[in-house]
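Only one structure is covered here, and it is reproduced in the block below.
Residue numbers (the working numbering): 1 to 128.
Structure follows, in structure tokens:
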């Protein structure tokens, strides 16, 4: 399951790719879906080392804390202002514009088809 989630996060990318198309598919199931970008968050996921520590030190004023990085996700999930909102892209607790590629319906359909096939294969789902 973790590999599936990493794959989905990797193909969706940081620009909300496919969020509108995916939300359209989910509307029939009364589910809302949005894409959120946490920003560049200072975490310790990467092992400590001279290069990593140096980069963190240099960029420390530009990086968000984990709490700041989580704020947009929490806002979209919990705010009454976003209730019923679906297929949107959020950064810094605000609705934002997606990249041109993210709004490409043909590419979004390819993403949906590939994701659907992957989930059927991995999770043995009959239909989504």
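C-beta atoms are modelled at their ideal positions from N, C-alpha and C, and glycine is treated no differently.
In the structure shown, residue 61 falls within a coil segment according to DSSP collapsed to helix, strand and coil. For residue 72, the enclosing alpha helix (DSSP H) covers residues 66 to 78. Cβ atoms of residue 98 and residue 75 stay farther apart than 8 Å, at about 18 Å. When the beta-carbon positions are compared, residue 33 and residue 71 stay at least 8 Å from each other. Just so you know, the alpha carbons of residue 121 and residue 113 end up roughly 12 Å apart.
Residue 83 holds the alpha-carbon nearest to the alpha-carbon of residue 31 among 73, 58, 69, 83. Rounded to whole angstroms, the gap between the alpha carbons of residue 106 and residue 115 is 14 Å.
In this structure, the beta-carbon distance from residue 48 to residue 64 does not fall below 8 Å. Assignment of residue 95 by DSSP, reduced to helix, strand and coil, places it in the strand class. Taking residue 68 as reference, the option from 57, 91, 118 with the minimal CA-CA separation is 91. From the listed residues 54, 51, 61, the smallest Cα separation to residue 40 is found for 61. The DSSP-derived three-state label of residue 116 is helix.
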